[in-house]
Amino acid sequence: PYTTLFRSSLEDHRMSMDLVIEVENEPGALARVARAISDAGVNIAAATCLGANDHAELHILVPHAEAARHALALSQLAVTREREVVVVEVEDRPGVLADLAGKVAAAGINLDLVYVATNNRVVFGSRDLEALRRVLGQQG
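For the sequence shown, this note's numbering assigns the number 19 to the initial residue and increments by one for each residue that follows.
(1) I need the DSSP call for LEU76, collapsed to helix, strand or coil.
(2) Return the chain-ordered list of same chain residues with a C-beta closer than 6 Å to the C-beta of LEU131, the five sequence neighbours on each side being excluded.
(3) Terminal residues of the continuous alpha helix (DSSP H) containing VAL51?
(4) Suppose the cutoff is 8 Å on Cβ atoms and the five residues either side in sequence are ignored; what does the same chain contact list for ASN138 look like?
(5) Inspect the beta-carbon positions of VAL141 and VAL114 and report whether they are closer than 8 Å.
(6) What separation, rounded to the nearest whole angstrom, lies between the Cα atoms of PHE24 and LEU154?
(7) Would you please state the rounded distance, in angstroms, between the beta carbons of ALA58 and LEU79? I believe it to be under 8 Å.
(8) Determine the extent of the alpha helix (DSSP H) in which LEU118 is found, giving its start and end residues.
(9) What residues in its chain sit with their C-beta under 8 Å from that of ALA54, if we drop five residues either side in the sequence?
(10) Could you say which of VAL134, LEU129 and THR136 lies nearest to ALA149 if we only look at CA atoms?
(11) Out of ALA70, ALA65 and ALA86, which one is the CA nearest neighbour of SER56?
(12) Sorted by chain position, which residues of the same chain lie with C-beta nearer than 7 Å to GLY69's C-beta, five sequence neighbours on each side aside?
Below, the structure is given as structure tokens:
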């Protein structure tokens with residue numbers, strides 16, 4: 019029944035990396051990061067930012083992590099952490115995220131990162147990435 023909820027695309031079989039950039043929580047911080055990456059010709063496929071104090075963590079998903087890291091370094095910005103994640107293409111309808119999260123929970127897998135990407139995709143992170151891939155029907 020879950021095959022109608024999501025499907026793997028060719029992009030999903032590549033290693034997908036979540037890059038974390040710690041920034042000052044001030045006007046223009048996101049613009050500086052986005053400009054550095056776009057000036058290098060790299061598309062940001064997803065982003066989320068967390069932080070209510072002086073600093074924030076910007077999580078980004080890009081198709082070319084090395085190029086993004088290099089572009090950020092040239093702009094005196096740095097990737098502070100990175101990790102492989104699972105990216106799933108989904109239908110844009112109510113209940114899809116609930117169904118996928120339920121399937122992951124039923125397998126006993128704890129999610130520690132979830133955000134939405136462009137083109138109806140969801141980014142999932144877990145310490146047990148291999149099990150997460152199996153549950154979501156992806157090969158590593």
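Cβ atoms here follow ideal geometry from the backbone N, Cα and C, with glycine treated the same way.
Quick answer:
(1) strand
(2) GLY143
(3) Here the alpha helix (DSSP H) through VAL51 covers 47–57.
(4) GLU107, VAL108, GLU109 and ASP110
(5) no
(6) Since pLDDT at PHE24 reaches only 42, below the 50 mark, its modelled position is unreliable, and no value is offered.
(7) Not confirmed; about 15 Å, so no contact.
(8) Counting along the chain, the alpha helix (DSSP H) containing LEU118 begins and ends at 114–124.
(9) ALA89, LEU90, LEU92, SER93 and LEU95.
(10) LEU129
(11) For the residues ALA70, ALA65 and ALA86, the minimum Cα distance to SER56 belongs to ALA86.
(12) ASN43 and GLU75
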